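Structure first, then comments.
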Amino acid sequence: QVQLVESGGGLVQPGGSLRLSCTASGIDFSIHAMGWYRQAPGKQRELVATITAGGTTTHADSVKGRVTISRDNAKNTVYLQIHSLNLEDTAVYYCAARRITALTPDYWGQGTQVTVSS
């Protein structure tokens with residue numbers, strides 16, 4: 018059974034930072050590309066950042082320069098560090114795993130809420 022479990026969300030003030038974690042089980046983590054997505058109220062889910070099995074990263078323009086995605090294959094965990102949080106970053110953040118041969122994620126986590134508010 019595949020599980021992706023996110024953690025690290027919460028309430029943070031504008032300008033603050035947060036680190037999200039996602040731990041996977043039931044998959045060969047080291048050969049999966051991993052990604053973070055988010056969905057704000059009333060909006061569609063959007064890509065935030067991805068990291069391939071080899072460590073190549075991509076980021077959405079809306080967060081470029083403010084996020085770092087990384088992975089620890091020994092811990093089956095992918096991280097998302099976000100700096101300079103603003104109100105528009107408020108969303109549910111989801112972790113996703115994609116097989117090398119797939120075009121879209123195969124597995125999703127349940128999500129973790131990030132709320133930016135003063």
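When you line the sequence shown up against our numbering, it's residues 18 to 135, in that order. Note that beta-carbon positions come from the ideal geometry of N, C-alpha and C, so glycine has one too. Owing to the predicted nature of the structure, the values given are computational and were not obtained by experimental measurement.
For S42, the first and last residue of its enclosing beta strand (DSSP E): As a working note, residue 42 is residue 25 in the sequence shown. Its beta strand (DSSP E) spans residues L35 to S42.
Taking the straight line between their C-alpha atoms, what separation do you get for G25 and Q18? Numbered from 1 along the sequence shown, position 8 holds the residue referred to as residue 25. Numbered from 1 along the sequence shown, position 1 holds the residue referred to as residue 18. If you take the alpha carbons of G25 and Q18, they lie about 23 angstroms apart.
So does the stretch 44-51 actually touch the stretch 77-95, counting three or more Cβ pairs closer than 8 angstroms? yes
Supposed close pair G128, V109 - CB separation, criterion 8 angstroms: Against the sequence shown, residue 128 aligns to sequence position 111. Against the sequence shown, residue 109 aligns to sequence position 92. Contact holds; Cβ gap of about 4 angstroms.
Can you tell me whether I117 is helix, strand or coil according to DSSP? Your numbering for residue 117 matches position 100 in the sequence shown. Correct three-state label for I117: coil.
Status (buried if at least 16 other CB within 10 Å, exposed otherwise) for G82: Position 65 of the sequence shown holds residue 82. When all chains shown are included, G82 counts as exposed.
Expressed to the nearest angstrom, what Euclidean distance is found between the alpha-carbon atoms of H76 and Q56? Taking the sequence shown and counting its residues from 1, the one referred to as residue 76 is at position 59. Taking the sequence shown and counting its residues from 1, the one referred to as residue 56 is at position 39. Cα to Cα, H76 sits roughly 16 angstroms from Q56.
Beta-carbon separation (whole angstroms), L120 vs V29, contact threshold 8 angstroms: Residue 120 sits at position 103 when you count from the first residue of the sequence shown. Residue 29 sits at position 12 when you count from the first residue of the sequence shown. The Cβ separation is near 33 angstroms, so there is no contact.
Looking only at C-alpha atoms, which of T107, A113 and D123 sits nearest to S38? Walking along the sequence shown from the start, residue 38 turns up at place 21. Here the closest residue by C-alpha is A113.
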